[in-house]
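Those letters in the sequence shown? Residues 9 to 273, by full-length UniProt numbering.
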Amino acid sequence: IKRITTHTLQEMKNRGEKISMLTSYDYSMAKIVDAAGIDIILVGDSASNVMAGHETTLPITLDQMIYHASSVVRAVKRAFIVVDIPFGSYQGNSSEALRSAIRIMKESGAHAVKVEGGAEIKESVLRILSAGVPVMGHLGLTPQSIYKFGTYTVRAREEEEAEKLLADARMLEACGCFALVLEKIPAALAAKVAQPVQIPVIGIGAGGAVDGQVLVAHDMFGITQEFRPRFLRQYADLQQTMTDAVKAYIHDVKSEDFPNEQESY
Ligand code: KIV
Ligand code: NA
Numbered sequence: 009i010k011r012i013t014t015h016t017l018q019e020m021k022n023r024g025e026k027i028s029m030l031t032s033y034d035y036s037m038a039k040i041v042d043a044a045g046i047d048i049i050l051v052g053d054s055a056s057n058v059m060a061g062h063e064t065t066l067p068i069t070l071d072q073m074i075y076h077a078s079s080v081v082r083a084v085k086r087a088f089i090v091v092d093i094p095f096g097s098y099q100g101n102s103s104e105a106l107r108s109a110i111r112i113m114k115e116s117g118a119h120a121v122k123v124e125g126g127a128e129i130k131e132s133v134l135r136i137l138s139a140g141v142p143v144m145g146h147l148g149l150t151p152q153s154i155y156k157f158g159t160y161t162v163r164a165r166e167e168e169e170a171e172k173l174l175a176d177a178r179m180l181e182a183c184g185c186f187a188l189v190l191e192k193i194p195a196a197l198a199a200k201v202a203q204p205v206q207i208p209v210i211g212i213g214a215g216g217a218v219d220g221q222v223l224v225a226h227d228m229f230g231i232t233q234e235f236r237p238r239f240l241r242q243y244a245d246l247q248q249t250m251t252d253a254v255k256a257y258i259h260d261v262k263s264e265d266f267p268n269e270q271e272s273y
């Protein structure tokens, strides 16, 4: 199997082939997602919500991200693997940013890192890139700044924030980022970013005029069902499937149907 690289992804944008991206946080899930043919696997800090049950992405630690990432790396044969640098491990201190990125690359074996923000984190982005570590940017609704926004509503509806987002996208491209994620912004603005920017722009709640799409795997599988934003298309109802399986198992244990003779030694 031929591995996806930053070059493969750039070629996909150049020829107009959309890029598919999903999260994974563990070996078993990553194995399924990779074998099905996904282009990019994101070890997202959404693991903080989905895996650990926190309300935000802020509490997850660098060590925990590395644990998730190394589990994913052991499962993946083809996809390009990007890991979120967690809150507090890169902002405002480019030396720490570099150290965090190097720890992720060395200890997990992943292929790239993702960071949230624009001009505010430029020094950190440049420093990480200087070590030869591919960086994916993330603009729009950046969940690590949720307490600044105060709401999970659509970002950059106002002219000022839209202008800053455009400038940040151009800046991240000029710095040398290999791709960008745009989260929960108007489709027209996302299109305005994806056109002049040469690097792949991956959207989540950013409409169809971008170079690819990303979703949280647990959301699209219907495992997590509390979270149902408009941008989420649910491809399965695994919550129902799993609930039915647990109920059938309980029934079989209680009724002494399980285990039967063939299932015993
Ligand atoms: O952590 C995450 O899952 C993400 C995606 C939603 C882009 O950053
Ligand atoms: Na994230």
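C-beta: ideal position from N, C-alpha, C; glycine also.
- Under DSSP, Met29 forms a beta bridge with Ile48, Val222.
- Placement of the Cβ of Ala244 at a distance of 8 Å or more from every heavy atom of ligand 1 is found.
- Pairing Ile110 with Val51, the inter-Cα distance amounts to about 16 Å.
- In terms of Cβ geometry, Asp219 and Pro204 do not form a close pair [threshold 9 Å].
- Shown here, Ala83 sits in coil according to DSSP, grouped into three states, outside any helix or strand.
- Pairing Met73 with Val224, the inter-Cα distance amounts to about 16 Å.
- Secondary structure note for Met113: its alpha helix (DSSP H) is the uninterrupted segment 102-116.
- In this structure, Leu106 keeps its C-beta atom at 9 Å or more from the C-beta atom of Leu147.
- Assigned with DSSP and collapsed to three states, Phe157 falls in helix.
- In the DSSP annotation of this structure, the continuous segment of the beta strand (DSSP E) that includes His146 starts and ends at 143-148.
- The beta strand (DSSP E) runs of length 3 or more contained entirely in the region 155-214 are, from start to end of the chain, 187-191, 209-212.
- With fewer than three CB-CB distances shorter than 8 Å, the region 160-170 does not count as touching the region 86-101.
- Excluding the 5 residues flanking it on each side, Met59 has same chain C-beta neighbours closer than 6 Å at Tyr33, in chain order.
- Assigned with DSSP and collapsed to three states, Asp92 falls in strand.
- Thr150 and Glu169 have their C-alpha atoms spaced approximately 13 Å apart.
- In this structure, the CA atom of Ala139 is about 25 Å from the CA atom of Lys85.
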